Ligand SMILES: Nc1ncnc2c1ncn2[C@@H]1O[C@H](COP(=O)(O)OP(=O)(O)OP(=O)(O)O)[C@@H](O)[C@H]1O
Ligand SMILES: Nc1ncnc2c1ncn2[C@@H]1O[C@H](COP(=O)(O)OP(=O)(O)OP(=O)(O)O)[C@@H](O)[C@H]1O
Ligand SMILES: [Mg+2]
Ligand SMILES: [Mg+2]
C-alpha cells in the first residue's frame, strides 16, 4: 500500500533549480534513505513535503490525500512531520516541554506529558528531560528533534541528519530505534551522510543530485552505481564496506 | 497656621515651559503677600504653596489633586494651564468641594455647571472671536479690507476651541474662510500647510499654535514669499522665545492674548526683575488668580474651602494684581467665569509685546502690515 | 504643479527623517535592540548645536560635527556602562532600559537647560530657491544635502570597510565574530555611539528650522520608528528609503486629505506595507 | 497545597487592605490605579509574555473600551456594565483587524506596527469629534450612586472592582499558560516554523490570543474610565502612558509569569506617585528624573524582573533545607 | 621557544557552564606540527575543551598556554591574533552575509595581508561548491555548504593551530575524504591541528596522536595506531 506518492516536484530559488521533477512513491512501512551531495536539495525536498516550502509544480499525496498547498500544521495532523537539520528546538523550554508540545497534536496536556516521556526514553534522553533544550550539545539536540517529531504520532517521519556527530556506537542505538519505529508501522525517510548507517537500515535508497533523482534502488544497487560513486560517495565506500 | 494652597502644573513634558512660567507668577505673588505680613484676617497666616507636577497626563493630574486635598488639606488649587489637565483636576475638586482657580480657557471648564471652578480669563471661543473681530477693526482703521481669511490650528483642545470661535466670528462678519485646517500637534513640517495657504488666496492668516509650529509657520511663509499678515492665537506667539527664534521677522506680528503685561507695568516689572523675562500671560493670570484667592480668604476670614468658595462667587475683586486684567477687576458669574475679562491684541515691537487693541486699553497704535 | 511641489517637499523632509533614523537602524542592526532613547540624542544634538550657535556664533550646520562628537561620547558611556550590563538579558529588558534612559535624558536636560523653547536665527532661515513656480526651502535643502551625504558615507562604510563588515558580523553572530578576532564589546560600543552620534548630527542639521526644548524628542520618536521599520530594521539603505518614503507619503497625503490625517494615512500605509512585506521595503527576505 | 494557601492568604490581604485606607483619600486612588494597571499588564502578558509578541499598541483596545462605555452612557444612558461588554466586543474586533496584517510580523516589527496602530486609534478619536468629543475629551457623567449604574461616591468600590478584575485576568492568564494553548504559544514564540511542523496552527493560536487580550484590555478600559472620570484621546490611546507602561510593568515584574505584572504594578505606580509627591515641588523634571534612574537601576539589578528575587530566595531556602 | 616546549599546554583544566562542571582536570599537550585528535562519547566535553581554548566557556580554572602566552588572561577575540582558528560545532556562519564575505572575515585579524584573494582561491579549490555559491547569503546555503564555509573561513587565517570541532559534520562522504586530504596537506605544511571528530575511524586515520575523553576526564592517550589497536576503544567508539 502506497503511503506517500510524489509526482513531478520542482522548486526554484532565484537562478537555482533546487528540485526538478522529483517523482517516486513509498509503500507503507519502508525505511527509505535519501542521499546526495551537499546542496543536492534533500532538505529542500523535506521542507516541501511538510509544507514549509511550496513547490513550483508537482503533486504530493499522503495516504491518499493531496497535501500540496496545505499548511505544515495540517500536514502534521495528517501524519507527516520532519526534524530540522539545523535544529529548531524551543531553546528556552525544557526538553520535556519541547516534546510534550508536539504530543498536544493528538492528546491533552497530561497524556501528552506521558507520551513525551516515552518518546524521550526511546531516544535515550529521559535523563535530561528537565534541562533547557538550548543547553544541550548539538548531537543531543538532534535527538530531541527526533523525539519531538515522533511525539506528533506520525505515519510518515522525515529525519534530516539526526545521526550527525554521533560516534559509531551511538549511531547504532539510533539505527535500532529507527528499525523499531518501522516495526511500529511508521514509514521513514532518512537523510544521512553516514553511509554505513544508510546502507544497513534502509530498505531502499534514493539519490538526489542537483535537484534530480539520480538513482532509486536497493542499497547494493546504489552503492555499486558508478554514477552515484562518482557524484557522491568517492573512495569512501571501500572504507565502509 | 499657614494656609496651604495647591499648585498643580505640567512641570515636565511638552508643556513644562508654560507650567514653569505659571508657577513663577504664583510664587512671585505668594512671596509678596507673605513678605507683606501674610493673610491679615487669619492673623498674618502665611501662604504655603504646595507645588506638584501634573506631568502631561490628566489621570496623574487628578491623582495629584486628590493627594493635595487629602494629604495637604489645601484650601484651594491653582492650575493647570492645559485644559485637559484642568478638567481632570476639576472632576476631583468638584467632588470634594475645593475651589479650583484656573486660566485654562477651554469652553468646557465653566460649561459643565461645576460649582467650585473659577476661570480667570475669557473663554477660548471668546478669544477666537476677538482674534478675528479685533483684526478686522485694526485693518479697517488702517484702510485695509479683509474678506478672505485662512485658519490653521493644532488639533488640541485649545486649538480646536479657539478655532471654533474664529470660525463663528467670521461667519457672523460674513467673511469667507478660504482655508480651515487642523494639523496634528507636534507637526515637524508645515510646508503642506503653507502650500495650501498660498493656494487659498487668503488676505490674512490666523494660526493657533504653540511655539514650534509658530516659528515653522512664519518661516515657511517667508520662504514662500507669502506676505499676508499672520495674527497669532496666543500661546506660541506671545512668549519671549518667539521673538528670540525669529529675530527681525517677529517685528509687527500680531497676536491675541487673554491679558498682557504692559497693562500694569508697575506690577509685571517685578516679575521681569526676578525671573529675567517679561511676564508672560499665563504667569500674569495665575498671579491674579492667587491674588483673588487671597482676597477671598481675607473676605471669608476663613481658610475653609467651602467658605472661600462662597466668598469667591459673586463678589467683585479689585485692587492688587487684578489691575493687570482688562476690566481692572475680577468678578465671577454663577458658572465661575470672570465676566470682566476681555482679550487684548498685542503686537511685537522691538522685542516687547505692546497692547494695540481694544482702543481703550491700547498702549500703542496697531501697525497693519505683514 | 502642486503635485510636483509636494514630491519635492516630501523628499526634502524625508532626507532629514532618514538621517535621524539611520542611527536607530544602526543600533538595532548591530545590537538587536530598539533604542527608545534615540530621539533624546536628537535633542542633545540640537542643544549642543544651539549652544554652539549662541555662545560661539557657529552656524548649526557647521556645529553638527560637534553635536556628533558629544553624542558619540555620551553614547559610548551609556553603552559601556549600562546597556552592556544587560546584553545577556532578554531583549525586552534592553528595550526598557532605553525607556528609562529616555526619561532620564529628557528630564535631566529639563533640569540642566530649563524648559525654554530655543531656536536659532540664521541668515538663510527664510530663504528659498524658486524653480518656476516651485519653491525649494534653503534650510531644508541644506539639511537634506548633509543628511544624504552622511547616509551614503555610512552605507559605503558599512558595505566596504573591514570595520563595517566586523560590525555586521557581530550583529549576526557574536560568538562566531569573536572567533574571527572581532572585539564584539567594542563593536557594540562603537555601533551605539555612532548611531546616536548620527542622530545628534541630524538634530544639528535641522536646528535652523526646528525649535529645541527638552521634550522635542517626543515629536520625532514615532516618526523615526516608522522610518526604520518601513525601510527594514537594521538596514542603512532601508532607513534612507524609509525616510524618503515617509516624507513623500506625508506630503502627498496632504494633497488629498486633511493635514490633520497626515499621520493616520502614514500609519495605515505603514501597516499595509508591513502586511505585504513583513521585512520592510529594503530588508532581506528571510 | 501550600501554594494554594499562600495564594488565598495574598488575596485575603488584598481584600482587607482597601478597608484600611481612607475611602475618599489619595492612597485608595493610588491603590485602585495600581490594581488596574496590574490587571492591564496581566492582560498584556497574555500576548507579550506567553506569545512573546511585544505589543506596544494595547492602548488601542484600552481606549476603545473607555470610549465605548462612556459614549453609551452619555448618548443612550446605557449602564457602563453593559458598555463594558460592548467595549470588549469592539476591542476583540479591533484586535482581529490589527492581527490580520501584523500576523506575519516578528519581534520588533510587530512591536512597532502595533505602536502605529495605537497612534491610528488616537488620531481617529481626535478627529471624529461628533462621536468622541475630539481633543477636548469626555467626562463620565455623574449619576446617582448605584451598583447598577456603576457609580459610587467613594473610591472603595472601585478598588474592589479593580481587585476582582485583577484576580479574574490573572486566573485567565494562568489557565492559558498551563493549558495546551500555553505550550503552543511558547512553541510559536521560540520557533514558529518548527511549531507549524509539529502541528500547531500558528495563525489560529495567534489570532485567539490577540482577541482574548484585546477583549480583556477593552473591558479594563471601562473600569479606568469609571475611576478617572475624565479622559481624552491622548490619555487612553497614549503610547507612553498606557501601551509602553503596561509592557514596562509586566517586564519589570517578570514577563510571562502570573505574579510578574502584579509585582511590577505594585512597584511602578506607587513609586511614580511617591517620586511625584517627594520631588515634584522642587526643580521641574527632578521627580521624573529620579523615577527614570530608579527604573534603570532596577532593570540593571533584575533584568529578568522582580520575580527572580523570589527565585533566588527560593533557591537559597531550598539549599539551606538540603544542607 | 625551544622545540621541547609544547605549542599548546593544558594543565588541570576545569571548565563548566553555570553550576555544572563539565571538564575535570584535563591535561593535554601538543607540540608544534602535531595532528592530534580527541575522541569520546556524546557530552563527554570535547567541544568544551576547544571552547575553553578559545575562551568561550564562562567558568574555567587551570593552566592554558599557547606558544608561551597565557591564554587565561586573554579575551576570546585575542585568540585568533595568536594564530588559533576555531571551526565551531554547529557552523555559526554569518547568515546574512555572502559566502565571500564570510570567508573574508575569517582573515579579519590578518586583514592587512596582501594575499587574501589567493587565500580565498585556495578555499575555492578545496570546496568548488563554494565558488559556485560565492555570492549567495550564507544562511540560505544547504547544511553541508554551510559547514564548508565554516571550515573555509577558519583556513583563511592560515593559523598556527587549527581547532576543528566535527568538521565533517553533515558533509557528503566524498567531500569528507577531500577535506581530510586537505587537512593532511595543511598539516604537512606545518600547521598544527587539534581535531574533535565522531567519525573515530577517520580521526585516527588522519591524526598522529589521540586522547580519549570520558565524562570530562582523559581516560586514555596514545598514538593513533595504539588507540586503533586498543580493544576498549574499538568496542566503545568503533563499534567493532
Ligand atoms: N531560501 C533559499 N534561497 C536560495 N537558495 C537556497 C535556499 N534554500 C536552499 N537553497 C539552495 O538550494 C540548494 C539545496 O539546498 P538543500 O538544503 O536542500 O541541500 P541538501 O541536499 O539538504 O544539502 P546538505 O546535505 O548539505 O544538507 C542549495 O544549493 C542551497 O544553497
Ligand atoms: N551553554 C551550555 N550551558 C549549559 N550546559 C552546556 C552548555 N554547553 C554544553 N553544555 C553541557 O556540557 C556537556 C559537555 O558538552 P560538550 O559540547 O563539550 O560535549 P561534546 O563532548 O562536545 O559532545 P557532543 O558529541 O555531543 O558534541 C554536556 O552535558 C552539555 O549538555
Ligand atoms: Mg540538508
Ligand atoms: Mg561537541
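Protein chains in written order, with the working numbering: chain U, 297 to 537; chain F, 48 to 417; chain E, 866 to 1151; chain R, 20 to 342; chain G, 86 to 325. Even for Gly, the Cβ is constructed at its ideal location relative to N, Cα and C. All values reported here derive from a predicted model rather than from experimental measurement.
Interface flag, residue i vs chain G, CB-CB below 7 Å
| i | result |
| --- | --- |
| residue 1046 of chain E | yes |
| residue 445 of chain U | no |
Proximity test, Cβ basis, 7 Å: residue i and chain E
| i | result |
| --- | --- |
| residue 112 of chain G | no |
| residue 265 of chain R | no |
| residue 231 of chain F | yes |
Residues that residue i contacts on chain R, provided the C-beta gap is smaller than 7 Å
| i | result |
| --- | --- |
| residue 400 of chain U | 199, 202 and 203 |
| residue 954 of chain E | 322 and 323 |
| residue 388 of chain U | 209 |
| residue 114 of chain F | 45 and 296 |
| residue 97 of chain F | 300 |
| residue 965 of chain E | 311, 314, 315 and 318 |
CB contact below 7 Å: residue i versus chain F
| i | result |
| --- | --- |
| residue 1150 of chain E | The predicted model places residue 1150 of chain E with a pLDDT of 42, which falls under 50 and marks its position as unreliable, so this point remains unresolved. |
| residue 248 of chain R | yes |
| residue 1039 of chain E | no |
| residue 289 of chain R | no |
Residue i: contacting residues in chain G (beta-carbon distance under 9 Å)
| i | result |
| --- | --- |
| residue 369 of chain U | Those do not exist, as residue 369 of chain U stays about 24 Å from chain G at its closest Cβ, beyond 9 Å. |
Buried or exposed (CB count within 10 angstroms, at least 16 for buried), residue i
| i | result |
| --- | --- |
| residue 311 of chain U | exposed |
| residue 157 of chain R | buried |
| residue 82 of chain F | exposed |
| residue 959 of chain E | buried |
| residue 984 of chain E | buried |
| residue 313 of chain F | exposed |
| residue 163 of chain R | exposed |
| residue 38 of chain R | exposed |
| residue 920 of chain E | exposed |
| residue 1007 of chain E | buried |
| residue 111 of chain F | buried |
Residue i beta carbon near ligand 6 (any heavy atom closer than 6 Å)
| i | result |
| --- | --- |
| residue 381 of chain U | The model depicted lacks ligand 6 and carries ligand 1, ligand 2, ligand 3 and ligand 4 instead. |
Partner residues on chain E for residue i, Cβ-Cβ distance less than 7 Å
| i | result |
| --- | --- |
| residue 61 of chain F | 1080 and 1083 |
| residue 179 of chain R | Near residue 179 of chain R there are no residues of chain E at all, since even the closest Cβ is about 31 Å away, more than 7 Å. |
| residue 312 of chain R | 969 |
Contacts of residue i in chain F (Cβ-Cβ under 7 Å)
| i | result |
| --- | --- |
| residue 254 of chain R | 104, 105 and 106 |
Proximal residues of chain R, C-beta to C-beta of residue i below 9 Å
| i | result |
| --- | --- |
| residue 378 of chain U | 216 |
Chain R within 7 Å of residue i, Cβ atoms only
| i | result |
| --- | --- |
| residue 58 of chain F | yes |
Contact set between residue i and chain G, taken where Cβ atoms lie within less than 8 Å
| i | result |
| --- | --- |
| residue 339 of chain U | 227 and 228 |
Cutoff 7 Å: residue i Cβ touching any chain U Cβ
| i | result |
| --- | --- |
| residue 219 of chain R | yes |
Report task. May I ask you to list, following chain order, the residues of the stretch 33 to 62 of chain R that have a beta carbon less than 8 Å from some beta carbon of chain F? Result -> 41, 43, 44, 45, 48, 49 and 52
Query raised in the report: Taking a cut of 7 Å between CB atoms, which residues from the stretch 1130 to 1141 of chain E lie near chain R?
Result: Answer set for the stretch 1130 to 1141 of chain E: 1132, 1133, 1135, 1136, 1137, 1139 and 1140.
**Report entry** Where the stretch 157 to 172 of chain F meets chain R: residues whose CB sits under 9 Å from a CB there
**Finding:** 159
**Report entry** Pocket of ligand 1 (residues with CB nearer than 5 Å to any heavy atom), chain order
**Finding:** U:309, U:314, U:334, U:335, U:336, U:337, U:338, U:339, U:340, G:225, G:226, G:227, G:228 and G:229
Query raised in the report: What residues in the stretch 450 to 461 of chain U bring their beta carbon closer than 9 Å to a beta carbon of chain G?
Result: Per Cβ criterion, the list reads 456, 457, 460 and 461.
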